[in-house]
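>
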Amino acid sequence: MARLIGPAMAKVLGQPVVVENRPGASGAVGSEAIARSAPDGYSLLLGAVASHAILPTLMPRLPYDPLRDFTAISLTTNAPNLLVVNPKVPARTLPEFLNWAHRQREKVAYASAGNGTSSHLAGELLVLRTGAPLEHVPYSSGAQAVTDVISGQVPMLVYQVTAVLPYVREGSLRALATTSDARLSWTPEVPTVQEAGIRDFDVAAWHGLFGPAGLPTPIVDAVYAALRSALDDPALRPRIQDLGLVPVGMPSAEFSRFLAADIVRWREVIHAANVKAD
1 MARLIGPAMA KVLGQPVVVE NRPGASGAVG SEAIARSAPD GYSLLLGAVA SHAILPTLMP
61 RLPYDPLRDF TAISLTTNAP NLLVVNPKVP ARTLPEFLNW AHRQREKVAY ASAGNGTSSH
121 LAGELLVLRT GAPLEHVPYS SGAQAVTDVI SGQVPMLVYQ VTAVLPYVRE GSLRALATTS
181 DARLSWTPEV PTVQEAGIRD FDVAAWHGLF GPAGLPTPIV DAVYAALRSA LDDPALRPRI
241 QDLGLVPVGM PSAEFSRFLA ADIVRWREVI HAANVKAD
């Protein structure tokens with residue numbers, strides 16, 4: 001996604017935008033590098049829900065504070081999820097699935113893309129909100145999790161829409177709900193979890209643009225303007241959406257409030273579910 005918006009931002013900024021991958025520790029490696037950079041606008045970070053909202057609770061010795069050590073520039077995109085089941089599960093709606101789960105003798109397994117990921121925590125949030133008897137089965141690969149739900153090894157999965165949508169359309173998975181606060185353009189026929197009467201359930205693997213702490217306001221404004229131009233580009237938006245991402249754009253102050261609230265929410269889920277880092 002960064003490689004898509006970079007050239008469009010460069011046109012507005014009047015200079016190249018170079019994307020450098022810094023993988024490791026769910027984004028902590030790249031995030032730490034930016035936290036230690038000079039606040040001059042030349043070093044920016046495309047962070048995510050994992051690096052800035054989940055890891056602060058999951059990794060107590062995280063080498064940065066997501067609120068203190070960064071300037072939140074803008075929420076860029078959301079990556080919405082679908083709650084899907086194997087078609088042999090006798091449920092066509094989320095309430096039917098929850099009723100079925102309660103009737104089973106043992107807990108119903110659900111797969112995720114890994115311990116502490118947003119797909120895992122979405123399942124834990126569902127347990128907290130409904131009391132559903134679900135048991136987490138983490139995978140090291142989201143693709144393998146999808147494969148095992150298709151084969152019936154695990155009955156349920158919450159995962160990114162574009163990763164599961166082809167299988168929903170061919171009938172090897174059944175979509176029961178989207179975890180976003182509104183129905184998705186990809187699957188307008190699929191209701192939200194909140195439509196099933198489950199309150200405060202808006203889960204997406206968001207991405208956001210950050211700079212080091214102390215980034216001057218004129219630089220924040222210039223970068224935000226370039227980002228909004230990229231996200232609003234009519235030629236670029238369909239390509240972003242093809243990745244399963246919803247372009248957002250959110251002013252710095254609003255994004256800061258969003259981030260602080262998201263940290264609190266996932267802290268509550270992680271503590272309540274006793275989630276531990278691998």
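Residue numbers for the sequence shown follow full-length UniProt numbering, beginning at 1 and rising by one. The beta-carbon is built from N, C-alpha and C at its ideal position, and this holds for glycine as well.
(1) Looking at the strands, I want to know which residues DSSP matches up with glutamine 160.
(2) Might you give, ordered along the chain, the residues of its own chain that have their beta carbon closer than 6 angstroms to the beta carbon of methionine 156, omitting 5 neighbours on each side?
(3) Excluding the 5 residues flanking valine 137 on each side, which residues of the same chain have their C-beta closer than 6 angstroms to its C-beta?
(4) I need the DSSP call for alanine 70, collapsed to helix, strand or coil.
(5) Where does proline 138 sit, in a helix, a strand or coil, going by DSSP?
(6) Looking at the structure shown, is alanine 48 part of a helix, part of a strand, or coil, going by DSSP?
(7) Measure the alpha-carbon distance for glutamine 194 versus glycine 14 and round it to whole angstroms.
(8) Based on the DSSP secondary-structure assignment, which residues constitute the bridge partners of glycine 208?
(9) Leaving aside the five residues before and after alanine 10 along the sequence, list all residues of the same chain whose C-beta is less than 6 angstroms from its C-beta, in chain order.
(10) Determine the DSSP secondary structure at leucine 94, reduced to helix, strand or coil.
(11) Please report how far the alpha carbon of proline 188 lies from the alpha carbon of leucine 176, in whole angstroms.
(12) Measure the Cβ-Cβ separation of alanine 28 and leucine 55 and say whether it is below 9 angstroms.
(13) Nearest-angstrom Cα distance between alanine 253 and alanine 72?
(14) Is it a yes or a no for the segment 60-78 touching the segment 238-248, going by three-plus beta-carbon pairs under 8 angstroms?
With the structure as the only source:
(1) Looking at the DSSP output, glutamine 160 shares a beta bridge with Asn81.
(2) Val85, Tyr110, listed in sequence order.
(3) Cβ neighbours of valine 137 within its own chain (closer than 6 angstroms, five residues either side excluded): Ala109, Ala111, Val154.
(4) Rather than alanine, the amino acid found at residue 70 in this sequence is phenylalanine. In the structure shown, phenylalanine 70 sits in a strand (DSSP, three-state: E or B).
(5) It is a strand residue.
(6) Alanine 48 falls in the strand class under three-state DSSP.
(7) Their Cα atoms are separated by approximately 44 angstroms.
(8) DSSP lists Gly47, Leu75 as the beta-bridge partner residues of glycine 208.
(9) These residues qualify, in order along the chain: Pro16, Val17.
(10) Here leucine 94 sits in helix by DSSP.
(11) If I take the Cα positions, the gap works out to 12 angstroms.
(12) In contact: alanine 28 and leucine 55 (Cβ atoms closer than 9 angstroms).
(13) Whole-angstrom Cα-Cα distance: 8 angstroms.
(14) Here the segment 60-78 lies against the segment 238-248, with 3 or more beta-carbon pairs under 8 angstroms apart.
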